[in-house]
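Okay, so here's the structure we're looking at.
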Amino acid sequence: MDVKRDRLLPAAIKDSFLAIVAAGVVALLVALHSRSFTYAIAVFLVLGLSVIGSLAFYSFFTSDFPLLNLVIFVLLIAVGTDDAFLLFTHFPRNLNEESFYECMAHTSATMFLTSFSTAVPFFVNIASNVVVFRCFGLFAGVTILINYFLVISFLPAFLILQRRYFSCFPSLPDFGVFITKSFKEALPWVIVQ
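In structure tokens, the structure reads:
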């Protein structure tokens, strides 16, 4: 097993560069959509804490960490930022108690469905006869669930604090109109061609 790891590790390290590039592009998209670098940092803090929490939980069951577990970083960027986009888009502009509860009821239910339907197939892998798949299933499923709980607890609190206390930071210009207009004009041309 160590021979395989020794042969695959350099390739995995080289490929992790692609994951870093993907994370950078997604962080830029989160910052542009939210018009806030601080929100993008908070989203990636949640993603990092999800992995750390999952590693802590995972270490109770096994000390073996197959290279396949590294795939969860890319999957988590996709699922975690999707939840962050959903929360930010539905978070009320005029925040009061009623609008906050309505937003959280809608977004937390939607995020639960996506997170749970993603985590269940990973947890099913725990029944596999292949040890690597069992390890990956446990690690990936726990990471997705921890991410869900952090997104519904930490990010709403961060958005409230950001609106109340961090409004002194300059926000990014609104690129939403430009992006929407570009997609409306370019997408039909790309699909037809």
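In UniProt numbering, the protein residues as written are 1 to 193.
Backbone N, C-alpha and C fix where the C-beta goes; we use that ideal spot for every residue, glycine too.
Quantities reported herein were computed from a predicted structural model and do not represent experimental measurements.
In this chain, the alpha helix (DSSP H) harbouring Phe122 covers 97 to 124. Cβ-Cβ distances below 7 Å link Leu138 to Tyr58, Phe61, Ile126 in the same chain, with the five nearest sequence neighbours on each side left out; the list follows chain order.
Tyr39 places its beta carbon less than 9 Å from that of Leu159. DSSP places Pro66 in the coil class of the three-state scheme, outside both helix and strand. Cα atoms of Leu9 and Ser54: separation of roughly 21 Å, rounded to the nearest angstrom.
Here Ala78 is exposed. Its C-beta has fewer than 16 other C-beta atoms within 10 Å.
Spanning the alpha carbons of Ser34 and Asn129 requires a straight line of approximately 44 Å. Around the Cβ of Ala42, a 10 Å sphere holds 16 or more other Cβ atoms; the residue is buried. Of the candidates Asn96, Phe85, Arg93, Ile52, the residue whose Cα lies closest to the Cα of Ile152 is Phe85.
A check of alpha carbon separations from Thr143 across Leu75, Ser63, Arg7, Ala19 identifies Leu75 as the nearest.
Across the set Asp6, Arg164, Pro156, Asn147, the C-alpha of Asp6 shows the shortest separation from the C-alpha of Pro66. Sixteen is the threshold: when 16 or more other Cβ atoms of the shown chains lie within 10 Å of the Cβ of Leu87, as they do, the residue is buried.
By the CB criterion at 9 Å, Phe112 and Gly141 fall outside the cutoff.
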